[in-house]
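Everything below concerns the one structure shown next.
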Amino acid sequence: MSTDTQARTSQAEIKELASRKRSGKDLLFLVLGLIGMAVIILYCLLPFYWMLVSSLRLPSMGRSTDFIPNPPSIENYVAVWDPANNFAPAIINSIIVSTSVTLLTLLFGILAAYALARLRFRFKGVVLSIIIACSMFPGITLLIPLFKLFTATYPWFPFNWMNTYQALIIPSLSFGLPLCVWNLTAFFRQLPVELEQAAMVDGCTPGQAFVKVILPLAAPGVFTTAIITFIAVWNEFMIALTFGTRADMYTAVVALSKFTGQYGFDTPWGTIMAAGVILTIPLILLVLFFQRRIVAGLTAGGVK
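Its first residue numbered 1, the sequence shown is counted upward by one per residue in UniProt numbering.
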């Protein structure tokens, strides 16, 4: 009897000791995780904080290193909208280009992804690999052939697209479409075919079944793709700088790079920082407002 009691006591002590060890390890991992998160958050937020602080300094303070502007001023934000900076028309151009690329990417990407997810044909995997490989080319390698195409007059392409919206929109599609097709193909694959079959039994055509049943269920993936595409095109610089050389065709990021001081050689850092804040805050608010849908769209396509 006493032997059984001692055995039970020793087992309880072993379990308690193991529990303490586990709790100690869990606490260590928790502390290390919190430290890592703090470092990452600081790394991400510090540049934006410095940009915000610099934008609120007086223009005469130049490259001050104070972490708090004293006194704060909005003079730089007023200077951003000076007609000489061409910033307001550039923002309108950015909205037009980003919205157009996003809508066209969704239009073609949804149809292509649905076809790849539902149709059965040979070498489907090869087609998907080629599509995703297209997005891996460095953008600068495509600028020279596109520049020659848009500026030269060929019998099969008798157009000069320099300084036009299509010259800013179509090259961006080549980078947005592969992401859209790849993401939505995985999303459509996880939706059971029985949903469409049931809709067609109820009298829907295949197109109606897609629009009324499948597309609403794929809304998280479509929405996430739209947000990512819009942000990527909004921040795009290389294509916009190459194919929009006239001031009236500048996008916002290109106009920002053209800011100059009163004498041409004194860089207006405060005004540049203010313009950067103006361009960044809408994207931050967009992501914060729709963060749940973005996360849902990114994870749903990989869950079976």
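Glycine residues also receive a C-beta, built at the ideal position from the N, C-alpha and C atoms.
Where residue i sits in the DSSP three-state scheme
| i | result |
| --- | --- |
| Phe157 | strand |
| Arg189 | helix |
| Ser54 | helix |
| Ala218 | coil |
| Met1 | Residue placement at Met1 is poorly supported in this model, since its pLDDT is 48, which falls under 50; the coordinates still yield a value, given next. It is coil, neither helix nor strand. |
| residue 317 | The chain is shown only over 1 to 304; residue 317 falls outside these bounds and no answer can be derived. |
| Gly203 | coil |
| Met249 | helix |
| Asn183 | helix |
| Ser257 | helix |
| Asp26 | helix |
| Arg120 | coil |
Residue i versus the options, residue with shortest Cα-Cα distance
| i | options | result |
| --- | --- | --- |
| Thr251 | Gln208, Tyr114, Asp26, Leu168 | Leu168 |
| Ala219 | Ile144, Gly125, Phe48, Arg292 | Arg292 |
| Pro178 | Ile130, Arg189, Leu217, Leu56 | Ile130 |
| Ile68 | Tyr77, Asn235, Arg57 | Arg57 |
| Lys148 | Phe137, Met136, Met162 | Met162 |
| Thr224 | Leu103, Pro138, Asp266, Val277 | Leu103 |
| Val181 | Phe159, Phe237, Thr105 | Thr105 |
| Ser174 | Asn160, Thr229, Val126 | Thr229 |
| Glu75 | Pro282, Ile281, Ile284, Trp269 | Trp269 |
Buried or exposed (CB count within 10 angstroms, at least 16 for buried), residue i
| i | result |
| --- | --- |
| Cys44 | exposed |
| Glu194 | exposed |
| Met136 | exposed |
| Met37 | exposed |
| residue 380 | The question about residue 380 has no answer, for the chain in this structure spans 1 to 304. |
| Met1 | Residue placement at Met1 is flagged as unreliable, the pLDDT there being 48, under the threshold of 50; a coordinate-derived value is accordingly withheld. |
| Tyr49 | exposed |
| Ala117 | buried |
Residue range of the alpha helix (DSSP H) that includes residue i
| i | result |
| --- | --- |
| Gly139 | 139 to 151 |
| Thr271 | 269 to 289 |
| Gly125 | 124 to 134 |
| Leu241 | 238 to 243 |
Query raised in the report: Enumerated in chain order, which unbroken segments of the alpha helix (DSSP H) with a length of 4 residues or greater are wholly contained in the region 66 to 109?
Result: Counting only runs of 4 or more, we get 75 to 80.
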